[in-house]
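Listed in order, the protein sequences are those of chains A and B.
Sequential numbering from 193 applies to the first sequence in this note's numbering.
Sequential numbering from 54 applies to the second sequence in this note's numbering.
This report concerns only the one structure given below.
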Amino acid sequence: MCTKGLKTTAGSRILENYTPSFDATAVARLKEKGFAVVGKAAMDEFGFGTFSVNTFKVPKNPIDVLRSCGGSSGGPAAIVAASKHIMFALATSTGGSISCPAAFCGVVGLTPTYGAVSRYGLIDYANSLDKVGVISKTVRDAAKVLSIIAGSDEKDSTSLKVEKQDYTKFCGKDIKGLKIGVPKEYFEGVDKAVKENVEAAIEKLRKLGAKVERISLPLTKYALAAYYIIAMSEASTNLAKYCGLRYGSALDLKGNFNEYFSEVREQFFGKEAKRRVLLGTFVRMAGYREQYYLKALKVRRMIIDEFEKAFENYDVIAAPTMPIIAPKFSEIEKLTPAQQYAMDILTVTPNLAGLPHISVPCGFVGKMPVGLHLIGGHLQEGKIIQVADMYERA
Amino acid sequence: MKMQEALLKAAELARLKLSKGELEQFSKDAQDILKLFSEIDKADTKKAEPAYQPIEIKDVYREDKTRKCLSQKDALANTRHNENGYFKGPRTL
C-alpha cells in the first residue's frame, strides 16, 4: 500500500526504490484519526504466493521459525503476532492473503466485501479481486480499524457507495438464533487435526446459541481454477506498467522500447511474477480466451449465485481457514507451483465472490495455530464480526 | 500450438525476455498448472453470463471539473530517465 515518503516495494525488486508521493486512501484515513505508520512488512511479490517465500527476505513464523508465516501478507501477520505494541496491520487479500497468514500466525484476519474499502493507492494484483483489510490481535480491533478505513471513495470508481458505520457495535452481541451453514466440501482434504479443532469451534458456536446445519456448495470444486485464471489474467495486464520508464527499477536506455522493456522486466521480476504474467497472458490469447478466461468468468457468476442462495437461509458460513497448519520451509521447497496454488482451496471461493470473511484462532495442532473461517454475504461484515467476537469472548 | 511455442508468443506479448532454461521450466510448470485450470471444463456454464466484477458496478461518474494532480516534480521523482521536465524513454524503432 502506498505510504507517502516511505519506500513501498510490494515485495518486488522492480519497485525496490519506489517511494510514493501520496498515501493510499486506507492509510490516509488512519492518519487522519491520529494513527502513525511505524513500518512496512514483508510479503510475496505483488501478492503472488501463499507462504511469503517469493520475496527479498522471507519472514519466519514467530511461533516456529522453521515454518512459514503464510502469505502473501506474511510479514504483517508475523509482526502482529510477535509484537506487544503493534496491535494491527493493514493487509490485502486477492485469494486469501489476509486469512491464510492470520490462521498460520494465530491472529485475526478480516477481509471486507470487495469495494467496501477503497483500493486507491493499493499496488494492484487483480482489480476485481483485491481487497484491503486488517490483521489484528482481536476481533474488536479489526472492527475498529474497518470502521475507519471503509466507506466510498471517489478516487476509486470500484468502491461501493456504502455509508460509513461503526462495526464495533456488532461486538458483544449474542448469536442466539443465528444460522450457521457448514459446507461439507470445505472439509475434504483437510488435515485431521485441523478438522478436529474447527469442528470443536463450530460446536462451541452451537453451544453459544447458533443454529448449525451441514450444507453443500458443490461448485466449490471449480473455484481454485476459476480464481487462478482470473487472477493471473488481471495480474498480467496490471504488471504491464512496470517497464523501467516512469518509476521502478530501470536500466540504461538501450535498444528500442520493446527490447528495453523486455530486458527490465526479465531482470527485475521474480520467478513467480514471470510465471503468472506468462500464464495470465496465455489464457487471454486468441484461441485460448474462450476456453479459459471467459469460462472462468462464467464459473465465477455461478459461484456467486450459489453463495447468494445459501445466504438466503444462513447468516454465516463456517469452515477451516486453511487445510493445514503452517508448513515448514523444507516442505514448501518440495511443492510444485500447482501444489502451492492448491493450498488456497478454502480461501479462494469467498475471495472470488467478493464476500467478507474473517479468520479467528480456534485451537492448536502442537504449538501451531488453526484458524476458523467465517464467511458472510455481501456487506454483511456485521454478522461475521458478531459471530467471531462472540467466539473469541467465550 | 505446442506449449513452448505458445509461451514464447505469450512472452513476446508480455514483453518478457526468457532464457532457454526459464522457457523449459515454465513450459513444464504450465503443463501442470493448465491441468489444474482444465477443471473448469467440467462446469456447465451454458446459462451463465461472465462476472467481470463480483459486485455489479455501473455508470460511475464524477463532475467534469479539473482537480489538483501530481506535480511535475513528484511525477518525475521516481525515475532517473528524465530530461527538461519530461520522461525520457527508449527509441521507438
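From the three backbone atoms N, C-alpha and C, an ideal C-beta is built for every residue, glycine too.
The structure displayed is predicted, hence computed values, not measured ones.
In this structure, DSSP gives PHE556/A an extended state, which the three-state scheme calls strand. If you look at PHE280/A, you'll find it in the beta strand (DSSP E) that goes 280–285. Residues of the segment 133–144 of chain B with a Cβ closer than 8 Å to any Cβ of chain A, in chain order: ARG133, HIS134, PHE140, LYS141, GLY142, PRO143, ARG144. Within the segment 488–517 of chain A, the residues whose Cβ lies closer than 9 Å to any Cβ of chain B are, in chain order, ALA488, LEU489, LYS490, VAL491, ARG492, ARG493, MET494, ILE495, ILE496, ASP497.
Secondary structure note for VAL386/A: its alpha helix (DSSP H) is the uninterrupted segment 384–399.
Contact between GLY266/A and SER275/A does not hold, since their C-beta atoms are separated by about 14 Å, which reaches or exceeds 8 Å.
Residue contact with chain B for ILE421/A: present (Cβ-Cβ distance below 7 Å to some residue of chain B).
Annotation for LYS353/A: SER344 place their beta carbon closer than 8 Å to its own, counting only its chain and skipping 5 residues before and after. For GLY373/A, no alpha helix (DSSP H) encloses it; the enclosing beta strand (DSSP E) starts and ends at 371–375. Residue state for VAL540/A is assigned as helix, using DSSP reduced to three classes. Shown in chain order are the members of the segment 95–111 of chain B whose Cβ falls below 8 Å from a Cβ of chain A: LYS95, ALA96, THR98, ALA101, GLU102, PRO103, ALA104, TYR105, GLN106, PRO107, ILE108, ILE110. DSSP, read as helix, strand or coil, puts GLU116/B in coil. At a cut-off of 7 Å between beta carbons, VAL562/A makes no contact with chain B.
Its chain contains no residue whose beta carbon lies nearer than 8 Å to that of ALA104/B once the 5 sequence neighbours on both sides are disregarded. In terms of beta-carbon proximity, PHE474/A lines the interface with chain B, with at least one pair separated by less than 7 Å.
Here ALA104/B carries a coil assignment [DSSP, helix/strand/coil]. Looking at MET514/A, ILE516/A, PRO268/A, ARG492/A, the one whose alpha-carbon comes closest to that of LYS100/B is ARG492/A. DSSP places SER551/A in the strand class (E or B) of the three-state scheme. Close to GLU92/B, with beta-carbon spacing below 8 Å, are these residues of chain A in chain order: LYS413, TYR414, LEU416, ALA417. By the neighbour-count criterion, in which 16 or more other beta carbons inside 10 Å mark a residue as buried, LEU146/B falls on the exposed side. In the structure shown, THR195/A falls within a strand segment according to DSSP collapsed to helix, strand and coil. When DSSP states are grouped into helix, strand and coil, PHE140/B belongs to the strand group. In chain order, ASP215, VAL229 place their CB closer than 8 Å to the CB of LYS223/A, counting only its own chain and leaving out the 5 sequence neighbours on each side.
Around the C-beta of PHE248/A, fewer than 16 other C-beta atoms lie within 10 Å, and the residue is accordingly described as exposed.
Chain order gives no chain A residues near LYS118/B, where near means a beta carbon separation below 7 Å; the closest approach is about 12 Å. Going by beta carbons, SER285/A and GLY263/A fall outside the 7 Å limit. Around the C-beta of ARG467/A, 16 or more other C-beta atoms lie within 10 Å, and the residue is accordingly described as buried. At least one CB atom of chain B sits nearer than 7 Å to the CB of GLU346/A.
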